[in-house]
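Counted from 1, the sequence shown has number 446 at position 443 by the numbering used here; the numbering is strictly sequential.
Cβ atoms here follow ideal geometry from the backbone N, Cα and C, with glycine treated the same way.
The structure appears right after this line, and notes come after that.
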Amino acid sequence: MQPYNLDKVITDTFTEISRSRENYIHGFQPQEKGSVKNVSSGIAKVIGLSGTGFEELLKFPNNLYGIAFNLDETEIGVVVLGNDEQLQSGDVVERTNRVTDIPVGNGLLGRVINPLGEPMDDKGPIAFTVRLPIERPAPPIMNREAVNVPLQTGIKVIDALIPIGRGQRELILGDRQTGKTSIAIDTICNQRDKNVLCVYCAIGQRASSVAKVIAQLTEKGAMDYTTVVVTEGNNPPGLQYITPYAATSIAEYFMEQGHDVLIVYDDLTHHARAYRELSLLLRRPPGREAFPGDIFYIHSRLLERATHLNQEHGGGSLTALPIIETEAQDISAYIPTNLISITDGQIYLSPKLFEMGMLPAVDVGKSVSRVGGKAQLQAYNKVAGNLKLAYAQFEELETFARFGTRLDENTRKTIEHGKRIRACFKQSELHPVPVPEQVTVLLALTNGLFDTIPLNKITEAENLVRDASVHLPPGLLERIQSSKPLSKSDEETILSVTKTALQSLITISENKINNNE
Ligand code: ATP
Ligand code: MG
4 MQPYNLDKVI TDTFTEISRS RENYIHGFQP QEKGSVKNVS SGIAKVIGLS GTGFEELLKF
64 PNNLYGIAFN LDETEIGVVV LGNDEQLQSG DVVERTNRVT DIPVGNGLLG RVINPLGEPM
124 DDKGPIAFTV RLPIERPAPP IMNREAVNVP LQTGIKVIDA LIPIGRGQRE LILGDRQTGK
184 TSIAIDTICN QRDKNVLCVY CAIGQRASSV AKVIAQLTEK GAMDYTTVVV TEGNNPPGLQ
244 YITPYAATSI AEYFMEQGHD VLIVYDDLTH HARAYRELSL LLRRPPGREA FPGDIFYIHS
304 RLLERATHLN QEHGGGSLTA LPIIETEAQD ISAYIPTNLI SITDGQIYLS PKLFEMGMLP
364 AVDVGKSVSR VGGKAQLQAY NKVAGNLKLA YAQFEELETF ARFGTRLDEN TRKTIEHGKR
424 IRACFKQSEL HPVPVPEQVT VLLALTNGLF DTIPLNKITE AENLVRDASV HLPPGLLERI
484 QSSKPLSKSD EETILSVTKT ALQSLITISE NKINNNE
């Protein structure tokens, strides 16, 4: 055993100390601290943080955060992201030197979170890959590609007449309780096995509505590929305001991984109102309908982030379905017109059609898809044009027919045909129709095969045709779902299968007509 050398130990220690002393860098790391001047209705006025940047995250006591929204000379207007009742004047405020961000990653699929990334379900902490800022610049034009792949909603009237493409922004608008959410949820449910990830963003909604949506998504197995970002009506306006931006960052992460993503904003009316509330509390000058001047900008910079990236950037896409609630069917109000001009088309839901039981209550005349037509499957080409025209003629003539006017044969035929189109477009919620079944039904419809069948038997006829379509030759089923057009012989095969399926119904109705005569 070596003798213990005290001298050496002392020398070593001294050398160590002197080395660390040499390496020590002098200097202060000052930290700015301010204090709350006053707080009310989700807005805190903070003094003493002169270096704060715009939209910087500030930290209050009790793990409460806020966004610096108004930078005045003497004070900062901070939007509190949480319960402001815990705050009082004099509380210490610290800078964080970062903007609001949100955890993103595949671990978010199947989860329900709030816009701060905190779990709202009982599945434990969120597993995430990175944190992304909630506000990010939209991809530049050079990184984008034209919309050329369809996003099937499974809703016949939409897929045939108002087709949506991956990377498109399609507005869903209508009065309250007209089935807006149902269309979005049906679309999410229809993405099962289609390689599309979904984000449902509920802004300022009733807790019961959100619970219903989550229950529907879970029941249909759609939560496996969906993230739900929620703020409820009783949450502070600041939290409601950041919800869609946070949800978009989550969706963008998936898009940048090369996935096709669908995001639903339900709804932006609540978002606009939350922003109006914040702006008025911050004493920004009110404009039309008391909304602040930059209300167009907050929505356009949000929706501009939806796009189809080109192959060099992964080829992912982000399709946005923003929802807007109109009042008394006024689509020319401020927020609806803004959104109509930002998006690539709109699906208008009419309360009149809803009352008539014509569900989904899509008003085809007032709805349009500006880019989806180019992405639509070619198989629809044979039917879409005819259907739109026939339906428009029918809607025009229908009003006259109500007065009991005597109609000539052609008009009567147009009306009878139109009634059958309308009957075929009826579809209950959460029952998406696969593409081959849609094409078969619509082809039968445009070729007048349903015209001899009584109106009350149309649903039965449609079901027969849908069942028959399953037995079409596999090659043909593939061609229908491919991006190639159908040949004449394909069309004939479909029609002959349909005719055979409808034989029983047609014979019954013809017999009835003969007997009546
Ligand atoms: P809100 O304005 O409250 O958000 P909304 O416009 O989102 O309402 P939904 O909640 O989607 O409307 O639908 C309103 C009601 O209509 C619901 O009870 C829903 O079940 C019913 N509904 C919607 N679409 C259909 C459909 N295709 N078939 C049958 N019922 C439907
Ligand atoms: Mg709704």
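Check whether the Cβ atoms of residue 188 and residue 231 lie closer than 8 angstroms to each other. For the purposes of this step, residue 188 is taken as residue 185 along the sequence shown, with counting starting at 1. For the purposes of this step, residue 231 is taken as residue 228 along the sequence shown, with counting starting at 1. Not in contact: residue 188 and residue 231 (Cβ atoms no closer than 8 angstroms).
Should residue 86 be labelled buried (16 or more other beta-carbon atoms within 10 Å of its own) or exposed? Residue 86 sits at position 83 when you count from the first residue of the sequence shown. Flag for residue 86 reads exposed.
Taking Cβ to Cβ, would you say residue 183 is nearer than 8 angstroms to residue 175? Taking the sequence shown and counting its residues from 1, the one referred to as residue 183 is at position 180. Taking the sequence shown and counting its residues from 1, the one referred to as residue 175 is at position 172. Yes.
Cβ shell of residue 424 (< 8 angstroms), same chain only, five flanking positions each side left out: Translated into positions along the sequence shown, residue 424 becomes position 421. Excluding residues within five positions, the ones whose Cβ falls inside 8 angstroms are 390, 393, 394, 397, 448.
Residue 269 lies in the beta strand (DSSP E); which residues open and close that run? Here residue 269 refers to the residue found at position 266 of the sequence shown. Segment 263-269, the beta strand (DSSP E) holding residue 269.
For residue 48, the residue or residues it bridges with in DSSP: In the sequence shown, the residue the question calls residue 48 occupies position 45. Partner(s): 41, 80.
Cα-Cα separation between residue 18 and residue 26, rounded to whole angstroms: In the sequence shown, the residue the question calls residue 18 occupies position 15. In the sequence shown, the residue the question calls residue 26 occupies position 23. So the alpha carbons of these two residues sit roughly 12 angstroms apart.
Residue 161 and residue 343 closer than 8 angstroms at C-beta: For the purposes of this step, residue 161 is identified with residue 158 of the sequence shown, where counting begins at 1. For the purposes of this step, residue 343 is identified with residue 340 of the sequence shown, where counting begins at 1. The beta carbons of residue 161 and residue 343 sit no closer together than 8 angstroms.
Can you name the residues that DSSP bridges to residue 104? Counting from 1 along the sequence shown, the entry for residue 104 is found at position 101. Looking at the DSSP assignment, residue 104 forms a beta bridge with 136.
Taking Cβ to Cβ, would you say residue 274 is nearer than 8 angstroms to residue 247? Within the sequence shown, the letter at position 271 stands for residue 274. Within the sequence shown, the letter at position 244 stands for residue 247. Contact check for residue 274 against residue 247 passes: the beta carbons are separated by less than 8 angstroms.
So the candidates are 46, 309, 303, 202; which of them puts its Cα closest to the Cα of residue 107? The sequence position of residue 107 within the sequence shown is 104, counting from 1. Comparing Cα-Cα distances from residue 107 to each of 46, 309, 303, 202, the minimum goes to 202.
For a minimum of 3 consecutive residues, which ranges assigned as the beta strand (DSSP E) are wholly contained in the region 288-358? 320-328, 348-352
Examine the ligand MG and report whether any of its heavy atoms sits within less than 7 angstroms of the Cβ of residue 183. Residue mapping note: residue 183 aligns to position 180 of the sequence shown, counting from 1. At least one heavy atom of the ligand MG is nearer than 7 angstroms to the Cβ of residue 183, so yes.
If you run the structure through DSSP and keep just helix, strand and coil, what is residue 520? As a working mapping, residue 520 is identified with position 517 in the sequence shown. Low confidence applies to residue 520: its pLDDT is 44, below 50, so where it sits in the model is not reliable, and the reading given next is rough at best. In this structure, residue 520 counts as coil in the three-state DSSP scheme.
Report the CB separation of residue 36 from residue 97 in whole angstroms; it is logged as a contact under 8 angstroms. One-based indexing of the sequence shown puts residue 36 at position 33. One-based indexing of the sequence shown puts residue 97 at position 94. Right, their Cβ atoms sit about 6 angstroms apart.
Cut-off 8 angstroms between Cβ atoms - residues of its own chain near residue 2, not counting five sequence neighbours on either side: Because residue 2 is not part of the residues shown, which for the chain are 4 to 520, the question remains open.
Would you mind reading off the limits of the beta strand (DSSP E) that contains residue 203? Position 200 of the sequence shown, counted from the first residue, corresponds to residue 203. Run containing residue 203: 199-208, per the beta strand (DSSP E) assignment.
Three CB pairs or more closer than 8 angstroms across the region 295-312 and the region 123-136: no
Can at least three beta-carbon pairs, one atom from the region 141-160 and one from the region 325-336, be found at a separation below 8 angstroms? no
Span separating the alpha-carbon of residue 126 from that of residue 119: By one-based count along the sequence shown, residue 126 stands at place 123. By one-based count along the sequence shown, residue 119 stands at place 116. One alpha carbon belongs to residue 126, the other to residue 119, and they sit about 17 angstroms apart.
DSSP-derived helix/strand/coil call for residue 58: Here residue 58 is taken as the residue at index 55 of the sequence shown, counted from 1. In the structure shown, residue 58 sits in coil (DSSP, three-state: anything other than H, G, I, E or B).
At a threshold of 7 angstroms, does residue 353 count as lining the ligand MG (C-beta to nearest heavy atom)? Indexing the sequence shown from 1 puts residue 353 at position 350. Answer for residue 353: no, Cβ out of range of the ligand MG.
Span separating the alpha-carbon of residue 456 from that of residue 159: Within the sequence shown, numbered from 1, the residue matching residue 456 stands at position 453. Within the sequence shown, numbered from 1, the residue matching residue 159 stands at position 156. Those two C-alpha atoms are separated by around 20 angstroms.
Residue 110, DSSP secondary structure in three states: As a first step, residue 110 is located in the sequence shown; it is residue number 107 there, counting from the start. Reduced to three states, the DSSP call for residue 110 is helix.
Hey, residue 435 and residue 193: beta-carbon distance below 8 angstroms or not? Counting from one through the sequence shown, the residue named residue 435 turns up at place 432. Counting from one through the sequence shown, the residue named residue 193 turns up at place 190. In contact: residue 435 and residue 193 (Cβ atoms closer than 8 angstroms).
So within the region 127-182, which uninterrupted beta strand (DSSP E) runs reach at least 3 residues, ignoring any that extend past its ends? 133-136, 174-177
Sorted by chain position, which residues of the same chain lie with C-beta nearer than 7 angstroms to residue 461's C-beta, five sequence neighbours on each side aside? Indexing the sequence shown from 1 puts residue 461 at position 458. Contacts found: 423, 426, 427, 453.
With 16 as the cutoff for other CB atoms within 10 Å, does residue 506 come out buried or exposed? Locating residue 506 in the sequence shown gives position 503, where the first residue counts as 1. Its Cβ having fewer than 16 others within 10 Å, residue 506 is exposed.
Return the first residue and the last residue of the alpha helix (DSSP H) that residue 401 is part of. Here residue 401 refers to the residue found at position 398 when the sequence shown is read from its first residue. Where residue 401 is concerned, the enclosing alpha helix (DSSP H) starts and stops at 384-404.
Starting from the C-beta of residue 494, find all residues in its chain whose C-beta is less than 8 angstroms away, skip the five residues before and the five after it, and write them out in chain order. In the sequence shown, the residue the question calls residue 494 occupies position 491. Same-chain partners within the cutoff: 385, 446.
State the beta-bridge partners of residue 69 as determined by DSSP. Translated into positions along the sequence shown, residue 69 becomes position 66. For residue 69, which the question treats as bridged, DSSP gives the partners 61, 83.
How should residue 15 be labelled, buried or exposed, when 16 other C-beta atoms within 10 angstroms of its C-beta is the threshold for buried? Mapped onto the sequence shown, residue 15 falls at position 12. So residue 15 ends up on the exposed side.
Any heavy atom of the ligand ATP closer than 7 angstroms to the beta-carbon of residue 111? For this step, residue 111 is matched to residue 108 along the sequence shown. The ligand ATP never approaches residue 111 closely enough for any of its heavy atoms to be under 7 angstroms from the residue's Cβ.
What's the call for residue 322, buried or exposed, on a 16-neighbour Cβ count within 10 Å? Here residue 322 refers to the residue found at position 319 when the sequence shown is read from its first residue. By the neighbour-count criterion, in which 16 or more other beta carbons inside 10 Å mark a residue as buried, residue 322 falls on the buried side.
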